[in-house]
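Following: one structure in structure tokens, then a few remarks.
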Amino acid sequence: MTQPRSPRTSARLPAAAAQRAVVDHSFVPVRAKLIEVAAFLDRVERYGAAGDFRCAALRQAVKILVDGKPARARRILEQLSDPTVKPDLITSGKAALGAWQKPQSPKRAK
Amino acid sequence: MRYIEPHGHMVSRTTDDYQAMVTAGCVAVCEPAFWAGFDRSSVDGFRDYFRQITEYEPARAAKFLLPHFAWLCINPKEAEDLALAADVLAMIPEFLAKPNVLGIGEIGLNRNTRNELKVFEQHVELAVKYNQLILVHTPHLEDKLKGTRLIVDLLRSHPGVKPERVIIDHVEEHTVNLVLDRGFWAGITLYPDSKSSPPRAVDMLETSGHDRIWLNSACDWGVSDPLAVPKTAFEMRRRGHSASYVDQVLYQNPVRFLSQCPKFRLGD
Chain S
1 MTQPRSPRTS ARLPAAAAQR AVVDHSFVPV RAKLIEVAAF LDRVERYGAA
51 GDFRCAALRQ AVKILVDGKP ARARRILEQL SDPTVKPDLI TSGKAALGAW
101 QKPQSPKRAK
Chain P
1001 MRYIEPHGHM VSRTTDDYQA MVTAGCVAVC EPAFWAGFDR SSVDGFRDYF
1051 RQITEYEPAR AAKFLLPHFA WLCINPKEAE DLALAADVLA MIPEFLAKPN
1101 VLGIGEIGLN RNTRNELKVF EQHVELAVKY NQLILVHTPH LEDKLKGTRL
1151 IVDLLRSHPG VKPERVIIDH VEEHTVNLVL DRGFWAGITL YPDSKSSPPR
1201 AVDMLETSGH DRIWLNSACD WGVSDPLAVP KTAFEMRRRG HSASYVDQVL
1251 YQNPVRFLSQ CPKFRLGD
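As you go down the protein sequences, you meet chains S and P in turn. Per this note's numbering: the first sequence ends with 110, consecutive numbering throughout. Per this note's numbering: the second sequence ends with 1268, consecutive numbering throughout.
Okay, here's the thing in structure tokens:
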């Protein structure tokens, strides 16, 4: 039987956590990460690697940051995900790569 | 502050890590069976590993006054070898009566293959047969969403599986509600470079609720931080969450889930 869980609207957002504090605590570290993204995109261009499917996926994902809609983290994760639904027939290696690329040959279960 | 590390691969950690965790308030650690970084060559490699996490590692943890519990399985990274998986599955019952064994885990999927799914289903059958708790690993990166869907569908379709006795670990923003909305517990893993960071974990608690979620560091032989859980407590407190809120998420929640196994007992 499915258990109930606290609805999202009742998640505890403490009054003491002022809007200013949320920004103060995170702005500089997040600023640094954003600049890392920018530097990475510059770097892969400089090295001629910008065509790598992962770099292309990153450039597409970045657009979500500024589309003005909520749930950006969830939507970026979804965009980088394998959209297929059936198990693969064979493994393509132990490690995931971080972005999905349509396989050259079919490897999905029928 | 007190907390439980419900998912830590302590065989990969040093005694300094044990000391730091206890100093930070850790009162119990749970160790799911894991991939060693290379494929074991035979079932005897697993037998030795199961002895390590059911006999040796609890003794090592006890030197730091830390109760140590374990979960058993063949990890999905080694599940492509169906013959080896069958041998390991047949051997697991030998260890289920060990005093620190809580259940079957961390089972699940790695690259979402047909063989992995088959071995996952066999583990679920084993857990149901022996009335064991289940700890599920969800895949990494681009494979997580698809893998989580396959896992949830399989578990929900099995008449012997009780969702409240299953925790699905390594959820992120795109899978947390998929897990919680179907009645399972969810685990958020705190990694420096992948899975979730402490701020994102607290975001998920604030937006998805904190009733059936635990946090873990999964500290293993890769890039990981055995103090990630207490560091997330700091993130909660900095945002203004109360000490009782922190205690519920980091201590009471794992106690509530793990206590479904009668062998999970904490000292005074």
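Virtual Cβ for every residue (Gly too), placed ideally from N, Cα, C.
- Beyond the five residues adjoining it in sequence on each side, Leu1082 of chain P comes within less than 8 angstroms, by CB distance, of Asn1115, Lys1118 and Val1119 in the same chain, given in chain order.
- Within 7 angstroms of the CB of Glu78 of chain S, the CB atoms of chain P belong to Leu1145 and His1174, in sequence order along the chain.
- Taking 8 angstroms as the threshold, the shortest C-beta distance from Ala32 of chain S to chain P does not fall below it.
- By the beta-carbon neighbour count (other beta carbons within 10 angstroms, threshold 16), Asn1131 of chain P is exposed.
- CA-to-CA, the gap between Ile1213 of chain P and Gln101 of chain S works out to about 32 angstroms.
- Apart from sequence neighbours up to five positions away, the residues of its chain that approach Ala50 of chain S with a beta-carbon distance below 7 angstroms are Val44, ordered along the chain.
- Cβ contact annotation for Met1021 of chain P (same chain, cutoff 6 angstroms, sequence separation greater than five): Pro1226, in chain order.
- For the options P:Leu1141, P:Lys1146 and P:Ala1186, the alpha carbon positioned closest to that of Ala57 of chain S is the one of P:Leu1141.
- With a threshold of 8 angstroms between beta carbons, Arg1051 of chain P makes no contact with chain S.
- The alpha-carbon of Leu89 of chain S is positioned some 6 angstroms away from that of Thr1113 of chain P.
- Taken through DSSP and simplified to helix, strand or coil, Val1255 of chain P comes out as helix.
- Around the beta carbon of Thr1015 of chain P, a 10 Å sphere encloses fewer than 16 other beta carbons of the protein chains shown; the residue is thus reported as exposed.
- Counting along the chain, Thr1189 of chain P sits inside the beta strand (DSSP E) bounded by residues Trp1185 to Thr1189.
- Separation of Gly1160 of chain P and Val1128 of chain P (C-alpha to C-alpha, rounded to the nearest whole angstrom) is 6 angstroms.
- By a beta-carbon distance limit of 8 angstroms, Ala99 of chain S contacts Phe53 of chain S. Their separation comes to about 6 angstroms.
- The C-beta distance from Ala1201 of chain P to Thr1175 of chain P rounds to 13 angstroms, too long to fall under 8 angstroms, and the pair is not in contact.
- DSSP places Phe1264 of chain P in the coil class of the three-state scheme, outside both helix and strand.
- For Lys1263 of chain P and Pro1099 of chain P, the gap between their C-alpha atoms comes out near 6 angstroms.
- With respect to the 8 angstroms criterion, Leu1126 of chain P and Ile1151 of chain P are not classified as neighbours on the basis of their beta carbons.
- By the neighbour-count definition (other C-beta atoms within 10 Å, threshold 16), Ser1041 of chain P is an exposed residue.
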